[in-house]
Amino acid sequence: MRYLILAISLLIIACQGKEHPMIKLTEEHQKALNSIEVMDGFEVELVAADPLIADPVAMEIDEDGNWYVLEMSGYPLDLSKKGHVKKLVDTNQDGYPDKSILFADSLTLPMGIMKWKKGILVADSPNILYLEDTDGDNIADKREVILTGFSLSNPQHNMNSPKFGIDNWIYVGHSGAINSFSYENIFGDKGKEITFAGNPNAAKLPQNGNGRNVRFKPGSFEIESLSGETQYGHTTDPWGRRFYTDNADHLFHEVIDAR
22 MRYLILAISL LIIACQGKEH PMIKLTEEHQ KALNSIEVMD GFEVELVAAD
72 PLIADPVAME IDEDGNWYVL EMSGYPLDLS KKGHVKKLVD TNQDGYPDKS
122 ILFADSLTLP MGIMKWKKGI LVADSPNILY LEDTDGDNIA DKREVILTGF
172 SLSNPQHNMN SPKFGIDNWI YVGHSGAINS FSYENIFGDK GKEITFAGNP
222 NAAKLPQNGN GRNVRFKPGS FEIESLSGET QYGHTTDPWG RRFYTDNADH
272 LFHEVIDAR
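Residue numbering for the sequence shown follows the numbering used here, beginning at 22 and increasing consecutively.
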């Protein structure tokens with residue numbers, strides 16, 4: 022059911038639901054929406070679907086209300102760079118995006134997106150990329166590799182989910198490379214030293230960061246490994262405690278910092 026929801030739509034949790042002016046829900050769509058359990062007082066609402074987007078896996082909203090949706094169209098085995106970032110715009114100010122723009126393409130298996138400065142960061146192993154539209158045409162014409170060296174392994178174990186922390190570090194989910202017996206030719210990469218691209222004298226981590234979560238500061242070229250690892254995401258509560266999620270372990274707490 023999780024993949025069905027991702028395949029057909031992006032979902033938000035809203036305090037009051039209303040009918041989308043552009044999308045007519047099929048019986049299958051409605052059944053999928055109804056299967057999601059939320060807290061009392063909240064509703065799940067469809068806000069974007071085909072043809073605006075396809076294969077969404079992550080999203081970010083900028084300070085102007087524009088949506089940046091990460092599409093991983095190559096999942097699980099296609100490495101021919103079919104991943105995209107779509108920029109969704111609400112042109113009539115009704116609260117729903119109604120225009121889709123191809124902001125960036127040629128991504129391999131992108132698994133995370135974060136607003137950063139005048140653009141966005143995208144987690145696309147082996148790199149963390151910075152994408153920016155410098156001329157105002159809604160297309161990213163600036164593309165820089167910020168970090169590199171992460172393994173391009175099984176897509177469910179690749180580096181993912183960059184998030185800006187309250188301590189001014191950027192936190193990245195990571196669970197390390199795995200042994201792939203059936204697809205070793207395409208997913209056998211074990212990674213390299215994790216380094217800041219173009220700055221060989223900056224701090225670095227050992228091969229694939231020892232398969233652990235990572236945090237870094239692009240401005241000062243600082244990078245550290247954390248204690249835990251995660252496949253599908255992570256967050257920090259108001260007290261600075263770190264929580265992760267995996268396929269098998271749905272929620273766990275990083276109790277002790279890496280030292």
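Just so you know, even glycine gets a beta-carbon here, dropped at the ideal spot from N, CA and C.
Cα-Cα separation between residue i and residue j, rounded to whole angstroms
i, j, result
"Leu-128", "Asp-210", "17 Å"
"Glu-66", "Met-135", "23 Å"
"Ser-182", "Asp-145", "10 Å"
"Phe-242", "Ile-191", "12 Å"
"Arg-23", "Thr-112", "Here Arg-23 scores only 41 on pLDDT, less than 50, and its place in the model is too uncertain to base an answer on."
"Lys-107", "Ala-125", "7 Å"
"Val-276", "Asn-234", "14 Å"
"Gly-261", "Gly-186", "9 Å"
"Leu-272", "Val-143", "24 Å"
"Ile-160", "Asp-119", "17 Å"
"Phe-63", "Asp-258", "21 Å"
"Phe-264", "Ser-246", "15 Å"
"Gln-252", "Ile-199", "12 Å"
"Leu-73", "Trp-88", "11 Å"
"Val-68", "Gly-219", "40 Å"
"Glu-165", "Val-110", "24 Å"
"Leu-46", "Ile-122", "23 Å"
"Lys-184", "His-274", "17 Å"
"Asp-270", "Glu-48", "32 Å"
"Ile-57", "Glu-205", "36 Å"
"Phe-217", "Arg-236", "12 Å"
"Gly-95", "Ile-149", "18 Å"
"Asn-179", "Gly-104", "15 Å"
"Lys-163", "Thr-155", "7 Å"
"Leu-54", "Asp-115", "22 Å"
"Gln-177", "Lys-102", "17 Å"
"Ile-215", "Gly-240", "16 Å"
C-beta contact flag for residue i and residue j at 9 Å
i, j, result
"Ile-141", "Glu-81", "yes"
"His-50", "Ala-70", "yes"
"Leu-100", "Leu-130", "yes"
"Ser-196", "Glu-153", "no"
"Asn-189", "Lys-139", "no"
Residues bridged to residue i (per DSSP)
i, result
"Lys-254", "Correcting the residue type first, residue 254 is Gly in the shown sequence and not Lys. Gly-254 pairs with Thr-266."
"Trp-88", "Ile-82, Leu-109"
"Met-135", "Leu-142"
"Tyr-151", "Leu-142, Glu-165"
"Pro-77", "Glu-92"
"Tyr-192", "Lys-184, Arg-236"
"Leu-128", "Gly-104"
"Lys-120", "Val-110"
"Ile-244", "Phe-237"
"Gln-228", "Glu-214"
"Phe-273", "Tyr-265"
"Val-59", "In the DSSP output, where bridge partners are listed per residue, Val-59 has none listed."
Cβ-Cβ separation, residue j to residue i (assumed contact under 8 Å), whole Å
i, j, result
"Trp-137", "Tyr-151", "7 Å"
"Ala-224", "Ile-244", "5 Å"
"Ala-79", "Leu-91", "4 Å"
"Asp-267", "Ser-248", "About 14 Å separates the two Cβ atoms, so there is no contact after all."
"Gly-254", "Gly-157", "Actually they are not in contact, since the Cβ atoms of Gly-254 and Gly-157 sit about 32 Å apart, beyond 8 Å."
"Pro-147", "Gly-232", "Not a contact, Cβ separation roughly 14 Å."
"Met-93", "Met-132", "7 Å"
Residue i Cβ short of 8 Å to the ligand GTP heavy atom set
i, result
"Lys-184", "In terms of ligand content, the structure shown is empty, and the ligand GTP therefore cannot be addressed."
9 Å Cβ cutoff, residue i in contact with chain D
i, result
"Asp-115", "Any reference to chain D falls outside this structure, which holds one protein chain only."
### Query
Is it a yes or a no for the stretch 163-174 touching the stretch 225-232, going by three-plus beta-carbon pairs under 8 Å?
The stretch 163-174 is in contact with the stretch 225-232.
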